[in-house]
Amino acid sequence: MAQVLSTSQAQKQNLNLSLKLWLPMLQSSLQDLEKHLKDVSYENPFLELKKPKEFYSNYSLSGTNGEFIESIATYSTSLNDKISEQICPPLFPTPNSQKVALEILCDINEEGYFEGDIEQIAITCNVYKEYVESIRQRFSQLEPSGVGAYDLKESFLFQLDTLDMKIDDELYNFLKRIIKDIAHIDKYASHHLFEKSKDIIKYFNNPPAIDYINNNVQVIP
């Protein structure tokens with residue numbers, strides 16, 4: 011059992027390292043990418059940067075190359091892309107807060123839920139676990155709404171607090187109440203705010219990253 015856990019932890023560490031190495035490349039513009047790769051090659055003696063002879067003839071700054079334009083047109087932003095581009099000031103104003111946020115990002119699954127270990131992230135980043143949790147709470151302000159939550163309930167609470175419509179305190183408190191008791195929502199059906207609350211909840215992302223889940227995955231009945 012210990013061997014299995016050790017292997018799993020090693021795989022996660024490799025995944026986290028890979029993500030941290032690739033994120034700067036994914037966030038670089040085409041003009042900056044070559045410079046970034048050169049810098050990496052200087053630091054890594056085993057890495058050699060090569061460009062095919064056709065590179066300059068096929069690449070056009072004006073964007074006239076058909077294949078290049080097509081690749082841009084067919085590219086869709088991933089969940090990691092969407093979140094990582096928001097890990098910046100003013101929500102994450104310091105290098106430390108950004109470092110912790112990136113660690114949290116590594117533990118967000120494809121549905122948008124956080125499934126990591128707060129204490130382990132605290133150890134990795136050399137901070138208190140309360141600080142890590144405070145950074146995770148800031149994910150409630152990110153898009154897609156609800157991302158970074160532990161579960162459905164917290165995701166809905168995140169989305170309630172960033173609702174783009176004005177609601178009064180009574181409706182807000184009732185929504186919060188039924189979200190926390192979502193498994194027994196039917197027992198609130200006689201409440202005069204139930205229908206209005208239900209109409210609001212049905213527009214919440216469920217799961218939070220629903221717009222980023224691969225729609226091409228084959229479902230076998």
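Read left to right, the sequence shown gives residues 11 to 231 (this note's numbering).
We treat Cβ as the ideally placed atom computed from N, Cα and C, and that holds for glycine.
For the alpha helix (DSSP H) that residue 129 lies in, which residues bound it at each end? 128-135
Mind checking whether residue 113 and residue 119 have CB atoms under 8 Å apart? no
Residue 208 to residue 183 span [Cα, whole Å]: 14 Å
Sufficient close CB pairs (3 or more, under 8 Å) joining the stretch 88-101 to the stretch 145-158: yes
Shortest alpha-carbon distance to residue 131 belongs to which of 122, 93, 106, 100? 106
Classify residue 205: buried if its beta carbon has 16 or more other beta carbons within 10 angstroms, exposed otherwise. exposed
Going by C-alpha to C-alpha distance, which of 223, 121, 197 sits closest to residue 161? 121
Based on Cα-Cα distance, which residue from 109, 213, 195, 224 lies nearest to residue 136? 109
Please list the segments of the beta strand (DSSP E) lying wholly inside the stretch 169-214, counting only runs of 3 or more residues, in order along the chain. none
Since residue 168 contacts residue 144 with CB under 8 Å, what's their CB separation in whole angstroms? At roughly 14 Å, the Cβ-Cβ gap does not stay under 8 Å, so residue 168 and residue 144 are not in contact.
Distance, Cα to Cα, residue 196 vs residue 189? 12 Å
Between residue 128 and the rest of its own chain, which residues show a CB-CB distance below 8 Å, the 5 nearest in sequence each way excluded? 139, 142, 143, 146
Can you find the residues in the same chain that come closer than 7 Å, C-beta to C-beta, to residue 159, ignoring five residues on each side of it along the sequence? 123, 124, 165, 168, 218
Could you have a look at residue 220 and say whether DSSP puts it in helix, strand or coil? helix
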